[in-house]
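Report on one structure; see the data block that follows.
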Amino acid sequence: MKIKFWGVRGSFAATTEEFSKYGGNTSCVEIIEGQTQIILDAGTGIRNLGKKNPLRQQKVYHILLSHYHLDHISGLPFFRPIHQKNITLNLYGPSSPQQTIITLFSKEFFPVAFRSLAAKVRFHPLSLKKFHIGPFTITSIPINHPNPTLGYFIETHQHRIAYLTDHEPIRQFRHLRQSPDTYEASLLHLLKGTDLLIQDAQFTDANYPAHRGWGHTSWSDAIRLAEKVGVKKLIFFHHDPDQTDQSLDRETKKFPEIHLAKEGETLCL
């Protein structure tokens, strides 16, 4: 299994030189097993994925959206395959992806209307659901963030990946109606046996108190979650757009056990 990070920044793209080491594009992760590809989120990083896609002959794409905040969907109008004939894009997401994505292509935001797209777009609304894409078994669950947001657990016969971008510990701030005990039990159960956790860690411990309730995790809380279930590899993701390369490097010295996602980085399991 191959995992490539096309966008690792949260909230807003960061484009100046001081963000070049970790990258400035917003959320987009590609996972490939054999000849099957899935894409996690469609932030600005998906534009480069569409230009340099290694599976150039593919006709079907599967894009799993965690939620519909702009940093997770704003790259979709610039994803080259959506403007090509004989292409099918399957868009998965919480609640009603169709309404939000059609609005994204309205004339107020983009010159090409949704009905004029060359590709065929299919919508798959999700909640608590298990489904299959090729060799992947995928489980989606609601996670603790403002507005409906999903975490994804992606399995093959050999490996298990968890994608938990944009979620806040429910005991810090409660966005969901679930009780904290029920929510945590469900999350920890699904995290057991995870080889790779791609984890929201937008705020440093020093910055988190001022942003409590924004729906993101502090570095220490992210580490505690991974340690509870013995995750084999923890990747910090969704870097704050105000965190320069220098500031991220400085914070990393406090937590030598973690790994920060970098745009363009490829991992193999």
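If you're matching positions, the sequence shown starts at 2 in this note's numbering and goes up one per residue. We put the beta carbon where it would ideally sit given N, CA and C, even for glycine. Nothing here was measured: the structure is a model prediction, and the numbers come from that model.
* How should His146 be labelled, buried or exposed, when 16 other C-beta atoms within 10 angstroms of its C-beta is the threshold for buried? -> buried
* Asked: Can you tell me where the alpha helix (DSSP H) with Arg172 in it begins and where it stops?
  -> It is not in any alpha helix (DSSP H) - Arg172 carries neither H nor E in the DSSP assignment.
* Asked: CB-CB under 6 Å to Lys131, same chain, minus the five flanking residues each way: which ones, in chain order?
  -> Thr140
* Asked: Between the C-alpha atoms of Ser221 and His84, what's the straight-line distance to the nearest angstrom?
  -> 42 Å
* So what's Lys3 in DSSP terms, helix, strand or just coil? -> strand
* To do: Identify whether Arg178 lies in helix, strand or coil by the three-state DSSP scheme.
  => coil
* Ordered list of alpha helix (DSSP H) runs contained in the segment 105-138, each at least 4 residues -> none
* Are the segment 115-134 and the segment 161-168 touching by the rule of at least three beta carbon pairs closer than 8 Å? -> no
* Return helix, strand or coil for Ser221, following the three-state DSSP convention. => helix
* To do: In the DSSP assignment, find the unbroken beta strand (DSSP E) run with Asp201 in it and report its ends.
  => 197-201
* **Endpoints, alpha helix (DSSP H) assigned at Asn91** => No alpha helix (DSSP H) contains Asn91, which is instead part of the beta strand (DSSP E) from 89-95.
* To do: Would you decide whether Gln200 is buried or exposed? Buried here means 16 or more other CB atoms lie within 10 Å of its CB.
  => buried
* With DSSP as the reference, label Tyr164 as helix, strand or coil. => strand
* Which value, in whole angstroms, describes the spacing of the CA atoms of Phe237 and Arg123? -> 31 Å
* Taking the alpha-carbon positions, what's the Gly135 to Phe204 distance? -> 35 Å
* **Nearest-angstrom beta carbon gap, Val61 and Thr89 [assumed within contact, 8 Å]** => 5 Å
* Asked: Thinking C-alpha only, which one of His260, Cys29, Lys53 is nearest Ser75?
  -> Cys29
* Smallest Cα separation from Ile155: which of Thr27, Phe79, Ile40? -> Ile40
* Asked: Any idea if Glu34 is buried or exposed, counting beta-carbon neighbours within 10 angstroms, 16 or more meaning buried?
  -> buried
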